[in-house]
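First up is the structure itself, then whatever we jot down about it.
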Amino acid sequence: RNRRAATAQAAAGASSAQAGEERNEVHVLMTAEGSQASASAGDQAAHDLAQLLPPSPDVSIARKRLMAAMASGNLTATREVMVSISPSLASGELSLECKAAAAVVEILAAREREAAEAADARERAQQSEARSIAADAARARAESERHEAESTVARERASADDERRRAGEREAVAAAAGEALARVPVEGIQHATRVNELQAVVVSLQTRLRLSEQQVAHGSLRVQSAEAVAEPLRLRVEELEGELSHVKRLLGQSEESVGVLQQHLNVLQARFAESAAPLAVGTDDEREESLAAKLAAAEDPLEVAKASLDAERGRRLELEAEMQRARMQSAEQLDRLRKGTERSVRELQGHVARLQAEAASERQEMSDRLAAACSKAEAEADFRKRAEEGWHEAQQTCEAKAADALHSRQRTAELEGRLVAMEAGQAEAASMRSQLQQALDELAVEKSKLAEQEYREQSNAQQAAAVWQQQAASSIEAATAEAIAAKELAQADAARWRLQADQSKSRIAMASTQLLGLRSSLEAMLQRLASANELSDLSDLSRLLFEVKARLTSMGESLQAHASTSADGGGLSLPTIIRGPSHRVTVQTQGRGATHKAQAGGAATVTAGRAAAARGKPPAAGARGRAAPPPPSRLPKTGATRRGAG
């Protein structure tokens, strides 16, 4: 009983020690020296007891089957063998082997799980590679579409630049033609027609320029839409690249763990094969024969136990040497694993550093693009603000020039009216001179008639003739002096009005030239202002451009109306010469309603002279030829209209 109790206690200690040793070998860990000594002592005691007590056939067969299943590395076969072992053997004599088999089963199951995970990781990696390839293809398509859009925009911009250049050349030609036409003294309708033609050319050029700018804006919108479409693809590609790197990292880790587990399994299989070899060396019959021989040779069983202990001690030394070699091999394998892991970590760190550098460069590039876009937007806003200010200033200047031109035209019309009035006064003086000549002729006739009556009325006739001659000479001298003075005054006024009219015409030509230059500069500014890329800005610019066009058209129509009225005299109030039935000359003006009348009677004057000669009295003051012309200060200051009297 004591021997059986000691045997059971030793077997329990040996099984626990060997189970700890096998577990430590599975996890590739080094045990302490005390654990090694206890394991060696337990192993030696178990071997001694096994030699003293021969095993049963069922136990040996079960052990061989279990060792063969563990050596084969088949999970299903090992589990079937473990299930076929009876619970009494599994908890008794084969407890150590069953625990080792359970550890092997766990290792094989973990290996299968790792293999399944590795297969899943490979499948995910393949899927990620397929997605990456699809993303690369999508990126290539997006890049090609972007390049095509950029080339299209470049072509449209080049065509727009050509159109703008041709429009500038045509505007320069139109401006030169306008200046040439402004220098050439054209009249009224021809000038208005040419101005309308030039305005039509300018409007057509502006329309073509606006169409080209709209095409450029559409091209830029297409480029922006292509970039917006490519942005989700780029983000998806980055996400797939990150997922692919993560899957590759997991695949590497799983492969490393599979390699480590494979090495552990190989070591464990080798250890089990080595531990099973001595058990399979001799059969039960040989052990019984050798034990019987030793018992027959030695009468004392103590000597037999000592011999067996010596043999077991040698075997223990061999096992310790083998364990040392296994430890060295494990250390070398661990060193290689550590070096491979460090190398993989360094490679992963380098790859991560490259990815971080690429991400930083892309982030810096995006920030640079954003800063450039912000600066461009600010510059465009400043330019638009300056353009609006310049537009308002140009509009004010144009309105001021238009007002000056209108005032100059009114002044010119007034001067022309005064010049026509002076010409009418000169014509009136000529008519008065002719009437005086007729009066002289009539006086000569009267002299001949009075000579016939000389004898009858000599005294009265001589007195009347002397008085008449004296009065006629004085009236002729006064009329001649008055006519000469009026003629000189009219000529001076006419020269002065002509000079003022020439000056006004030159000012009008200069104002029209400045207006053309201002229009060309305004159109150039509108062209520069119309280079905005937003649709709202383009609509505002189009509205402003049509307002400018409407104002210019109204200005041209007003200029044409003034030119036509100044050409045909329909809108001017020129002085009107009306001859009444009593041969009176009436000068009327429509501007102020003032009426200046002058007596210049032909027959009335002769009749008055005859009556005075018959009565022997001087003629009346109202019948001396004509009334004095109105002074220059009383001439009409507005235009006049020539009208018929009946």
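Residue 1359 in this note's numbering is what sits at position 499 of the sequence shown, and the numbering runs on without skipping anything.
By construction, the Cβ of each residue, glycine as well, lies at the ideal position given by its N, Cα and C atoms.
Contact belief for residue i with residue j at Cβ below 8 Å, rounded distance in angstroms
| i | j | result |
| --- | --- | --- |
| Arg-1068 | Glu-1023 | 6 Å |
| Val-965 | Arg-939 | 6 Å |
| Glu-1383 | Val-1062 | 7 Å |
| Ser-1364 | Ser-1268 | 5 Å |
| Met-930 | Ala-960 | 7 Å |
| Leu-954 | Arg-923 | 6 Å |
| Lys-1108 | Ala-979 | With a Cβ gap of about 15 Å, Lys-1108 and Ala-979 do not count as contacting. |
| Leu-1303 | Ala-1332 | 6 Å |
| Gln-1360 | Leu-1275 | 5 Å |
| Val-1127 | Ala-1186 | 7 Å |
| Gln-1123 | Gln-1193 | 6 Å |
Chain D within 8 Å of residue i, Cβ atoms only
| i | result |
| --- | --- |
| Gln-1298 | The chain labelled as chain D is not found in the depicted structure, where only one protein chain is given. |
Which of helix, strand or coil DSSP assigns to residue i
| i | result |
| --- | --- |
| Ser-1541 | With the chain represented from 861 up to 1506, any question about residue 1541 goes unanswered, as that position is not in the structure. |
| Ala-1314 | Note on identity: in this sequence residue 1314 is Glu, with Ala being the wrong assignment. The answer is coil: DSSP assigns Glu-1314 none of H, G, I, E or B. |
| Asn-1056 | helix |
| Ser-951 | helix |
| Ser-1335 | helix |
| Ser-1221 | helix |
| Gly-933 | coil |
| Ser-946 | coil |
| Leu-1179 | helix |
| Ala-901 | The predicted position of Ala-901 is uncertain, since its pLDDT is 46 and thus under 50; a value taken from the coordinates is nonetheless stated next. Helix, per DSSP. |
Burial state of residue i (16 or more Cβ within 10 Å)
| i | result |
| --- | --- |
| Ile-993 | exposed |
| Ser-1308 | exposed |
| Gly-1277 | buried |
| Gln-988 | The amino acid occupying residue 988 in the given sequence is Ser; Gln does not appear at that position. So Ser-988 counts as buried. |
| Thr-1413 | exposed |
| Leu-1230 | exposed |
| Leu-968 | buried |
| Val-941 | buried |
| Ile-945 | buried |
| Ala-1020 | buried |
| Glu-957 | buried |
| Cys-1234 | exposed |
| Gln-1286 | buried |
| Pro-1138 | Caution is warranted here: a pLDDT of 47 is assigned to Pro-1138, below 50, making its placement in the model unreliable, and the coordinate value is therefore given only provisionally. Result: exposed. |
| Met-927 | buried |
| Val-1013 | buried |
| Ala-1060 | exposed |
| Ala-1213 | exposed |
| Leu-1518 | Nothing about residue 1518 can be reported from this structure: the residues present for the chain run from 861 to 1506 only. |
| Leu-1300 | exposed |
| Glu-974 | buried |
| Glu-1057 | exposed |
| Gln-1330 | exposed |
| Ala-1181 | exposed |
Close Cβ partners of residue i (< 7 Å) along its chain, the five nearest in sequence each way excluded
| i | result |
| --- | --- |
| Leu-1095 | none |
| Thr-1467 | The predicted model places Thr-1467 with a pLDDT of 43, which falls under 50 and marks its position as unreliable; any figure quoted below should be read in that light. Same-chain partners within the cutoff: there are none. |
| Val-1120 | Leu-1197 |
| Leu-1177 | none |
| Val-1044 | Caution applies to Val-1044, whose pLDDT of 49 falls short of 50 and renders its modelled position unreliable; the model cannot decide the point. |
Contacts around residue i, its chain only, beta-carbon distance under 8 Å, and the 5 residues preceding and following it disregarded
| i | result |
| --- | --- |
| Ala-1343 | Ala-1289, Met-1292, Arg-1293 |
| Ala-950 | Met-942, Cys-958 |
| Ala-1311 | none |
| Val-919 | Leu-949, Glu-953, Leu-954 |
Other residues of its chain near residue i: CB distance less than 6 Å, five sequence neighbours each side excluded
| i | result |
| --- | --- |
| Gln-896 | In this predicted model, Gln-896 has a pLDDT of only 44, less than 50, meaning its place in the structure is not dependable; the value taken from the coordinates is given anyway. Correct list: empty, nothing qualifies. |
**Asked** Taking one C-beta from the region 1277 to 1296 and one from the region 1349 to 1363 each time, how about it: are there three or more such pairs within less than 8 Å?
**Response** yes
**Request:** Determine contact between the region 1334 to 1347 and the region 1284 to 1302, defined as no fewer than three beta-carbon pairs at a distance below 8 Å.
**Result:** yes
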